[in-house]
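Chains A and B, in that order, give the protein sequences. Everything in the first sequence is counted per the working numbering, starting at 2 for the first residue and increasing by one. Everything in the second sequence is counted per the working numbering, starting at 5 for the first residue and increasing by one. No residue lacks a Cβ here, since even glycine has one placed at the ideal position from N, Cα and C.
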Amino acid sequence: MTVDTVVTFFALLAVACLVFVACTVVLGIVAKVRGGLPDSLLFLRDGFTEIALPGAFAVALGSTLGSLYLSGVAKFPACILCWGQRACMYPLVGVLLYAWLAKKVSLWMWVFPVVGIGISTYHYTLERFPNSLVCPSNGVDCSVTLVWKFHFLSIPGMAWAGFATILALMGIAAAGQRRAANTVPADDVPQELTK
Amino acid sequence: MNDKRTGANPYGDISKNVAARQESPGKKIAVIVVAAVVVLALVAVLATQCGKDSTPAAKNTGAAQAQNATQQTAAVAVTGEPLPQYPDNAGLVADPATDPATGKTPPTLKGETFDAKPITIAPGGKAKVVLFVAHWCPHCQVEVPEIQKWIDEGNLPADVEIYGVATATTESRPNYPASAWIASERFTPQVLLDDEQGTAASAYGLTGFPYFVMMDKDGKVVHRASGEVPIDQFASLVESLSSTKK
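The structure is reproduced here in structure tokens:
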């Protein structure tokens with residue numbers, strides 16, 4: 002099992018995650034505008050609501066194992082920004098396991114993926130434009146791009162995909178919680194929204 | 005489960021919908037997701053393992069030496085005056101007019117290949133490009149396949165030789181061992197191994213990776229470059245060494 006194989010695998014997972022996030026955002030907007038998803042897509046909504054929290058936990062676990070592989074086996078050095086993203090991703094394994102078992106998303110849980118995706122965005126931008134952003138150096142240059150897959154994915158790029166997927170799944174879980182809390186199911190569209 | 009009698013019910017469709025939802029679409033989706041992950045793993049294996057390393061590299065190439073690697077570093081004997089260091093402010097390709105190494109003769113390097121055969125890089129005889137690379141340096145990892153592609157396309161003039169020097173080899177750094185990397189890139193030029201102190205690199209005045217020293221057939225330095233040199237620029241520098249201009 003070479004490093005290239007494992008990195009390619011994680012890059013493919015990241016692409017799948019990005020596709021999922023894009024679909025979730027589009028369907029989320031559709032639901033917002035229409036006041037609910039078309040009936041034919043309700044099984045998707047309900048299915049993903051069911052597996053959102055275990056899924057988010059799996060994504061956090063996968064990202065953490067990937068990160069440990071890159072430093073432990075592939076021996077890539079970690080810069081300050083990498084450590085910042087790790088400080089957000091690693092605790093998410095525990096946080097999301099707790100969320101799964103408790104079957105709820107609390108407000109404080111959002112801090113980790115939100116801060117994490119912020120650092121990933123900064124890091125990815127810094128890799129593209131090394132001269133215009135500051136690397137808070139610990140001796141490892143943040144701008145060195147150790148992985149570059151499919152012409153767009155670097156390590157912070159994959160981290161971004163991980164955080165975005167966790168945010169999307171937490172959003173799906175939170176929306177499910179809101180629907181369950183309402184006595185009127187959300188897919189019973191209020192009169193004023195139907196023409 | 006689903007009551008068959010609801011078939012005649014005007015709300016049968018709704019009941020079926022409810023029943024379908026009660027059958028846990030989450031489980032189905034979870035199974036599909038797991039299956040997709042397995043497929044992606046297979047794709048990753050196929051994409052990276054196929055075609056590479058499956059056949060032995062051509063004889064007497066750096067890749068063939070690397071496939072039979074018994075060592076990653078080796079002692080280097082240096083004879084002759086060391087080259088002055090590559091100037092800090094020289095940029096990617098040093099201007100020959102201001103480079104202190106221009107016109108000087110690099111020292112002769114006597115060392116070993118990955119498969120422990122003797123190899124000598126000596127000035128004179130043929131024009132030469134000596135390329136210093138470190139396995140962990142991202143710019144080298146980009147440059148080596150580009151140069152190899154350029155060689156594979158038949159662009160290397162017959163009167164110019166390229167030598168690789170694997171330097172700064174460190175077990176604790178990424179992409180170790182260097183031999184696996186050189187073999188997987190199917191790098192054709194012969195590769196001399198630097199020792200752990202970087203004797204060959206400092207004798208040639210290296211300050212960064214990748215590092216290029218180009219000498220004419222009389223063994224005099226014509227060009228030096230340091231960093232990820234674009235392949236077109238590399239090509240024109242190499243062609244300037246050749247007497248059989250295209």
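Report all residues from its chain with a CB closer than 7 Å to the CB of residue i; omit the five preceding and five following residues, and keep chain order.
{"i": "F49/A", "result": "I173"}
{"i": "G223/B", "result": "T109, P127, G128"}
{"i": "R25/B", "result": "Caution is warranted here: a pLDDT of 48 is assigned to R25/B, below 50, making its placement in the model unreliable, and the coordinate value is therefore given only provisionally. If we look at R25/B and ignore the five residues flanking it on each side, it has no Cβ neighbours."}
{"i": "G107/B", "result": "K224, V225"}
{"i": "Q71/B", "result": "P60, A61, A187"}
{"i": "R179/A", "result": "none"}
{"i": "F77/A", "result": "L71, L147"}
{"i": "P29/B", "result": "none"}
So what's residue i in DSSP terms, helix, strand or just coil?
{"i": "G212/B", "result": "coil"}
{"i": "R179/A", "result": "helix"}
{"i": "Q75/B", "result": "coil"}
{"i": "R177/B", "result": "coil"}
{"i": "F11/A", "result": "helix"}
{"i": "S230/B", "result": "strand"}
{"i": "A120/B", "result": "coil"}
{"i": "A17/A", "result": "helix"}
{"i": "G115/B", "result": "strand"}
{"i": "T83/B", "result": "strand"}
{"i": "V37/B", "result": "helix"}
{"i": "V31/A", "result": "helix"}
{"i": "V115/A", "result": "helix"}
{"i": "L134/A", "result": "coil"}
{"i": "K63/B", "result": "coil"}
{"i": "L38/A", "result": "coil"}
{"i": "K108/B", "result": "coil"}
{"i": "L96/B", "result": "coil"}
{"i": "D5/A", "result": "helix"}
{"i": "L154/A", "result": "strand"}
{"i": "V49/B", "result": "helix"}
{"i": "V217/B", "result": "strand"}
{"i": "V42/B", "result": "helix"}
{"i": "V106/A", "result": "coil"}
{"i": "V22/A", "result": "helix"}
Identify, in the order they occur along the chain, each residue of the same chain with its Cβ nearer than 6 Å to the Cβ of residue i, setting aside the five sequence neighbours on each side.
{"i": "V116/A", "result": "C89"}
{"i": "T112/B", "result": "T83, G84, A126"}
{"i": "P178/B", "result": "W140"}
{"i": "L98/A", "result": "F58"}
{"i": "C143/A", "result": "C80, L82, L127, C136"}
{"i": "G67/A", "result": "F11"}
{"i": "E189/B", "result": "V148, P149, Q152"}
Which residue comes first and which comes last in the beta strand (DSSP E) that contains residue i?
{"i": "Y167/B", "result": "164-170"}
{"i": "F136/B", "result": "131-137"}
{"i": "Q194/B", "result": "194-197"}
Taking the alpha carbon of residue i as the point to measure from, which residue in the options has its own alpha carbon closest?
{"i": "P127/B", "options": "P110/B, N179/B, V137/B, A78/B", "result": "P110/B"}
{"i": "R129/A", "options": "A79/A, A59/A, F153/A, M171/A", "result": "F153/A"}
{"i": "T166/A", "options": "G36/A, L14/A, C80/A, Y125/A", "result": "L14/A"}
{"i": "V233/B", "options": "V38/B, Q89/B, V137/B", "result": "V137/B"}
{"i": "A1/B", "options": "A181/A, A160/A, V4/A", "result": "The structure shown does not extend to residue 1/B, since chain B is modelled only from 5 through 250, so no value can be given for it."}
{"i": "F11/A", "options": "V164/B, I36/B, V49/B, K32/B", "result": "V49/B"}
{"i": "D92/A", "options": "Y70/A, V112/A, N183/A, P78/A", "result": "It is Pro, not Asp, that sits at residue 92/A in the sequence shown. Of the listed residues, the one whose Cα sits closest to P92/A is V112/A."}
{"i": "A75/A", "options": "P193/B, T203/B, S176/B", "result": "S176/B"}
{"i": "G95/B", "options": "S246/B, K221/B, F213/B", "result": "F213/B"}
{"i": "I30/A", "options": "P55/A, N183/A, A176/A", "result": "A176/A"}
{"i": "R46/A", "options": "P55/A, G63/A, L28/A", "result": "L28/A"}
{"i": "D220/B", "options": "Q201/B, A204/B, T203/B, L245/B", "result": "L245/B"}
Over what stretch of residues does the alpha helix (DSSP H) that includes residue i continue unbroken?
{"i": "G67/A", "result": "43-73"}
{"i": "L97/A", "result": "81-103"}
{"i": "A243/B", "result": "Per the sequence shown, the amino acid found at residue 243/B is Glu instead of Ala. Where E243/B is concerned, the enclosing alpha helix (DSSP H) stretches over 235-245."}
{"i": "E200/B", "result": "Taken as a continuous stretch (DSSP letters only), E200/B belongs to no alpha helix (DSSP H), as it is neither H nor E."}
{"i": "V148/B", "result": "142-156"}
{"i": "W185/B", "result": "182-188"}
Got a sec? Which residues, its chain only, sit under 8 Å from residue i by beta carbon, not counting five neighbours each side?
{"i": "A169/A", "result": "F21, V22, T25, V26"}
{"i": "C52/A", "result": "Note that residue 52/A is Ile in the sequence shown here, rather than Cys. Around I52/A: no qualifying Cβ."}
{"i": "W116/B", "result": "The sequence given here has Glu at residue 116/B, not Trp. Same-chain partners within the cutoff: Q75, A78, A79, P122, I123, L196, L197."}
{"i": "P193/B", "result": "T65, G66, L135, I155, E165, I166, Y167, G168"}
{"i": "F216/B", "result": "V133, V134, L135, F136, H227, R228, A229, S230, V233, F238, L241"}
{"i": "W161/A", "result": "I118, S121, T122, Y125"}
Identify the contact partners of residue i in chain C, using a Cβ-Cβ distance below 7 Å as the criterion.
{"i": "I52/A", "result": "No chain C is part of this structure, whose protein chains are labelled A and B."}
Within 7 Å of chain A by C-beta, residues of the segment 144-171 of chain B in sequence order
none
Near-chain B residues of the segment 66-96 of chain A - C-beta to any C-beta below 8 Å
A75, K76, F77, P78
What are the residues of the segment 14-36 of chain A that lie near chain B, defined by any Cβ-Cβ distance shorter than 7 Å?
L14, A17
So if I threshold CB-CB distances at 8 Å, which residues from the segment 42-72 of chain B count as touching chain A?
L44, A45, V47, A48, V49, A51, T52, Q53
Please list the residues of the segment 141-169 of chain A that have a C-beta atom closer than 7 Å to any C-beta atom in chain B, keeping them in chain order.
V145, T146, L147
Output, in sequence order along the chain, the residues in the segment 112-124 of chain A whose CB is closer than 9 Å to any CB in chain B.
none
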